[in-house]
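See below for the structure under consideration.
Number of protein chains: 2
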Amino acid sequence: MSSTETRYVMSDNMVVEELPWGPHEWLCRPDIVAADKLLLVRVRVPVGKAHEFHRHPEMEEIIYIEAGTAEQWVDREKRLLGPGDSAHIPIDVVHVTYNAGDTTLIFLAILSLAEIEGPPLIDVSQEEPCKSLQREVTEKFRGN
Amino acid sequence: MSSTETRYVMSDNMVVEELPWGPHEWLCRPDIVAADKLLLVRVRVPVGKAHEFHRHPEMEEIIYIEAGTAEQWVDREKRLLGPGDSAHIPIDVVHVTYNAGDTTLIFLAILSLAEIEGPPLIDVSQEEPCKSLQREVTEKFRGN
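Protein chains in written order, with our numbering: chain R, 1284 to 1427; chain S, 1284 to 1427.
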């Protein structure tokens, strides 16, 4: 069955990418199902780790916490989120997700659109004020 | 703070709608956050209940199971889904979600686009073959 005919995604046909801030389990992407508008990835962030500060020039995003505790930044605002909490990130707004707890953080990242023209992600972790913030918050959670 | 400035959605600011197949907890919608492309709703389906057969003429959807067991139909195909499993529903494809277990089924419905021109949902539960299927499957789960 070709990917465009696949409707169900389970542990045996999800696509796993190993990244520095934990495995990404892709559940909806154009190479897995007939996705046109939606991307879905489940991320497992080990204790003390974080996604770098980044932005998506063409994609809107929701972060939905499944297990653990996140310190979620959206622009200059941050909030501690637990299971069932979520954050909405408008297009091109800088954001980052830290594991702020003492267990693996599991969250869903939901993005739209699925098919875009330019790069999906711009790393801004080396630009100020993100660079200083990143250092500060990384040191805070390294103690965990 | 206006809804368009709200970035975080938790139990105290989600919007709950009571529907025949269980409460809908809206986590991302244009009246809650600055959503343009994404809708997110957590649905709690009691034992023996189901969403009616329906389709979304302008929206693509993902169903993601958080707890319990679903019999998920996409067009003529069905599958039993448990926690962490998902289904992708292309635009305008008929689908339905039954609680096939003996505990409350909790799933996330993720939809895009958020802003559309026409009706968000067309109920097709009174059209064949959905009408017969609906009767058959409803009777199957009523025994739970």
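Idealized CB from N, CA, C, for every residue including glycine.
- Considering only beta carbons, the part of the region 1295-1319 of chain S lying closer than 9 Å to chain R consists of Met1297, Glu1308, Leu1310, Cys1311, Ile1315, Val1316, Ala1317, Ala1318 and Asp1319, in chain order.
- From the beta-carbon of leucine 1404 of chain R, no residue of chain S is found nearer than 9 Å; the closest lies around 16 Å away.
- DSSP places valine 1420 of chain R in the helix class (H, G or I) of the three-state scheme.
- Per the Cβ contact rule, the region 1318-1329 of chain S is not in contact with the region 1354-1369 of chain S (fewer than 3 Cβ pairs under 8 Å).
- Residue contact with chain S for tyrosine 1381 of chain R: absent (no Cβ-Cβ distance below 9 Å to any residue of chain S).
- In the three-state scheme derived from DSSP, where H, G and I count as helix and E and B as strand, arginine 1362 of chain R is classed as strand.
- C-alpha of methionine 1293 of chain S to C-alpha of threonine 1289 of chain R: approximately 33 Å in a straight line.
- For glutamate 1349 of chain R, the enclosing beta strand (DSSP E) stretches over residues 1343-1350.
- Cβ neighbours of tryptophan 1304 of chain R within its own chain (closer than 7 Å, five residues either side excluded): Val1328, Lys1332, Ala1333 and His1334.
- Excluding its 5 nearest sequence neighbours in each direction, leucine 1396 of chain R has C-beta neighbours in its own chain below 6 Å: Lys1320, listed in chain order.
- Between glycine 1384 of chain S and arginine 1425 of chain S, the alpha-carbon positions lie close to 11 Å from each other.
- When DSSP states are grouped into helix, strand and coil, glutamate 1300 of chain R belongs to the strand group.
- Counted as a single uninterrupted DSSP element, the stretch harbouring phenylalanine 1336 of chain R is not any beta strand (DSSP E), since DSSP gives it neither H nor E.
- For a cut-off of 8 Å, the C-beta gap from histidine 1337 of chain R to isoleucine 1405 of chain R is around 6 Å, short enough to register as a contact.
- A distance below 7 Å between beta-carbons, with the five flanking residues on each side excluded, links threonine 1421 of chain R to the following residues of its chain, in chain order: Ala1333.
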